[in-house]
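Engineer: After the structure tokens below, expect a handful of questions from me.
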Amino acid sequence: AGMIRGRSRDIDDLLDVSGGEQEMRRQRLENVVWEAGALSLEEREKLNGNRGAVLWFTGLSGSGKSTIAKRLERALYERDVHTMFLDGDNLRHGLNADLGFSPEDRAENIRRVSEVASIGYSHAGVVLCCFISPYIRDRDYARSVVPEGRFFEIYTKCDIEVLKRRDPKGLYARALRGEIKEFTGISAPYEEPEEPEIVVETDLDSPDVIVEKLLKMLEDAGIIPAA
7 AGMIRGRSRD IDDLLDVSGG EQEMRRQRLE NVVWEAGALS LEEREKLNGN
57 RGAVLWFTGL SGSGKSTIAK RLERALYERD VHTMFLDGDN LRHGLNADLG
107 FSPEDRAENI RRVSEVASIG YSHAGVVLCC FISPYIRDRD YARSVVPEGR
157 FFEIYTKCDI EVLKRRDPKG LYARALRGEI KEFTGISAPY EEPEEPEIVV
207 ETDLDSPDVI VEKLLKMLED AGIIPAA
């Protein structure tokens, strides 16, 4: 009952894998068996007092993904909710240190972190994922790793001109000078979510207001108990 390997969409299609590569993958997996843990997802959820979920924060650099996620994590902690925090920059220091920012590397980046998020979900954690993840196809893959109703795409929307003015790390200024290649929103595209679970406008609402909206969303979905 706690298994999550059944995906809502075909992974090879999402990754644009060729027929030859698909066959090689099938051959490799013939001798690889999925080993279920001793505890089911339901048992872990009963122990934790909350349901497992993946919260996927997507948006341009500087739009507030990590800021909002960390405030939400603190609020969840104060309500005894088990969480896991995954940040794009952090994972590029380790797990994804070998990847660049080409569309192909971005896809592999999201594939890896999606699988990590699925492990956190399977242990009844509320996994907060903060990744620019500019391509719809890659975010669809992230959605596919957990059952329907357990994935929440959160679009942290902010006007690009506001981001250029904020620019706390100086990245937009450097990108505009051509010093950073493939910078999302300047020299690389960002595909806006078509049907996110929620849009939060970080240039209009304060972090505290947004966190309250997200807590309400999780309560309404039955992920966390009502306060």
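Going from the sequence shown to my numbering is simple: count from 1 and add 6. Beta carbons: idealized from backbone N, C-alpha and C, even for Gly. This structure is a prediction, so every number in the text was calculated from the model and none was measured.
1. According to DSSP, is Ala59 part of a helix, a strand, or is it coil?
2. Would you mind listing the alpha helix (DSSP H) stretches within the region 192-230 that are 4+ residues and don't spill past its ends, in chain order?
3. Less than 7 angstroms between C-beta atoms, sequence neighbours within five positions excluded: which residues of the same chain meet that for Ile229?
4. Leu224 to Val168, Cα distance in whole Å?
5. Do Ala219 and Asp209 have their C-beta atoms closer together than 9 angstroms?
6. Can you round the beta-carbon distance between Ala148 and Ser120 to whole angstroms, since I take them to be within the 8 angstroms contact cut?
7. To which residues does DSSP link Lys163 through a beta bridge?
8. Which same chain residues, not among the five before or five after Ala196, have their C-beta less than 7 angstroms away from its C-beta?
9. Using a Cβ-Cβ cut-off of 6 angstroms (strictly less than) and excluding sequence neighbours within five positions of Ala194, which residues of its own chain qualify?
10. Would His99 be called buried (16 or more neighbouring beta carbons within 10 Å of its own) or exposed?
11. Mind pulling the beta strand (DSSP E) runs of 3 or more residues that sit fully within the region 120-175?
12. With Leu92 as the anchor, note down where its beta strand (DSSP E) starts and where it stops.
13. Once you ignore the five residues that flank Phe63 on each side, which residues in its own chain have a CB closer than 8 angstroms to its CB?
14. Answer with buried or exposed for Tyr83, where buried requires no fewer than 16 other C-beta atoms within 10 angstroms of its C-beta.
15. How big is the Cα-Cα spacing for Lys175 and Ser128?
16. What number of angstroms, rounded off, separates the C-alpha of Glu200 from the C-alpha of Phe157?
17. What do you reckon, are the CB atoms on Leu92 and Val217 nearer than 9 angstroms?
18. CA-CA distance, Asp173 and Glu49?
19. Can you tell which of Gly184, Ala227, Ile192 has the C-alpha that lies nearest to the C-alpha of Ile204?
20. Let me know if Ala42 comes out buried or exposed under the rule of 16 or more other beta-carbons within 10 Å of its beta-carbon.
21. Decide if Asn37 is buried, meaning its Cβ has at least 16 other Cβ atoms within 10 Å, or exposed.
22. Beta-carbon within less than 7 angstroms of Gly94's beta-carbon, same chain only, minus the 5 sequence neighbours each way: which residues are those?
23. Return the CA-CA distance between Arg180 and Arg85, expressed in angstroms with no decimal places.
24. Specify, as a first and last residue, the run of the alpha helix (DSSP H) that Ser72 falls within.
Structural biologist: On the basis of the data shown:
1. Counting from 1 along the sequence shown, the entry for residue 59 is found at position 53. If DSSP states are grouped into helix, strand and coil, Ala59 belongs with the strands.
2. 213-226
3. Counting from one through the sequence shown, the residue named residue 229 turns up at place 223. Result list for Ile229: Asn56, Arg57, Ala59, Val132, in chain order.
4. On the sequence shown, residue 224 is found 218 positions in, with the first residue counted as 1. On the sequence shown, residue 168 is found 162 positions in, with the first residue counted as 1. Distance between the alpha carbons of Leu224 and Val168 is about 29 angstroms.
5. Here residue 219 refers to the residue found at position 213 of the sequence shown. Here residue 209 refers to the residue found at position 203 of the sequence shown. Per the sequence shown, residue 219 should be read as Lys rather than Ala. Taking 9 angstroms as the Cβ cut-off, Lys219 and Asp209 do not qualify as a contacting pair.
6. The sequence position of residue 148 within the sequence shown is 142, counting from 1. The sequence position of residue 120 within the sequence shown is 114, counting from 1. Contact flag correct, Cβ pair sits at about 4 angstroms.
7. Locating residue 163 in the sequence shown gives position 157, counting from the first residue. In the DSSP output, where bridge partners are listed per residue, Lys163 has Glu207.
8. As a working mapping, residue 196 is identified with position 190 in the sequence shown. Before going further, note that residue 196 is Tyr rather than Ala in the sequence given. Correct list, in chain order: Leu66, Pro140, Thr190.
9. Counting from 1 along the sequence shown, the entry for residue 194 is found at position 188. Same-chain partners within the cutoff: Glu188.
10. Taking the first residue of the sequence shown as position 1, residue 99 is located at position 93. His99 is exposed by the Cβ-count criterion.
11. 132-136, 157-163
12. Taking the sequence shown and counting its residues from 1, one reaches residue 92 at position 86. Here the beta strand (DSSP E) through Leu92 covers 89-93.
13. As a position in the sequence shown, residue 63 is number 57, starting the count at 1. These residues qualify, in order along the chain: Lys71, Ser72, Ile74, Ala75, Leu134, Cys135, Cys136, Phe137, Ile160, Thr162.
14. Along the sequence shown, one-based indexing puts residue 83 at 77. Exposed, since its Cβ has fewer than 16 Cβ neighbours within 10 Å.
15. Walking along the sequence shown from the start, residue 175 turns up at place 169. Walking along the sequence shown from the start, residue 128 turns up at place 122. Roughly 35 angstroms between the two C-alpha positions.
16. Walking along the sequence shown from the start, residue 200 turns up at place 194. Walking along the sequence shown from the start, residue 157 turns up at place 151. Their Cα atoms are separated by approximately 15 angstroms.
17. As a position in the sequence shown, residue 92 is number 86, starting the count at 1. As a position in the sequence shown, residue 217 is number 211, starting the count at 1. Taking 9 angstroms as the Cβ cut-off, Leu92 and Val217 do not qualify as a contacting pair.
18. Against the sequence shown, residue 173 aligns to sequence position 167. Against the sequence shown, residue 49 aligns to sequence position 43. Answer to the nearest angstrom: the Cα atoms are 45 angstroms apart.
19. Within the sequence shown, the letter at position 198 stands for residue 204. When only C-alpha atoms are compared, the closest one is Ala227.
20. Locating residue 42 in the sequence shown gives position 36, where the first residue counts as 1. Under this definition Ala42 is an exposed residue.
21. Along the sequence shown, read from residue 1 onward, the residue named residue 37 stands at position 31. The residue is exposed, with fewer than 16 neighbouring Cβ atoms inside 10 Å.
22. Locating residue 94 in the sequence shown gives position 88, where the first residue counts as 1. Cys136, Phe137, Ile138.
23. Within the sequence shown, the letter at position 174 stands for residue 180. Within the sequence shown, the letter at position 79 stands for residue 85. For Arg180 and Arg85, the distance between alpha carbons rounds to 41 angstroms.
24. In the sequence shown, the residue the question calls residue 72 occupies position 66. Looking at the DSSP string, the run of the alpha helix (DSSP H) that includes Ser72 is 71-83.
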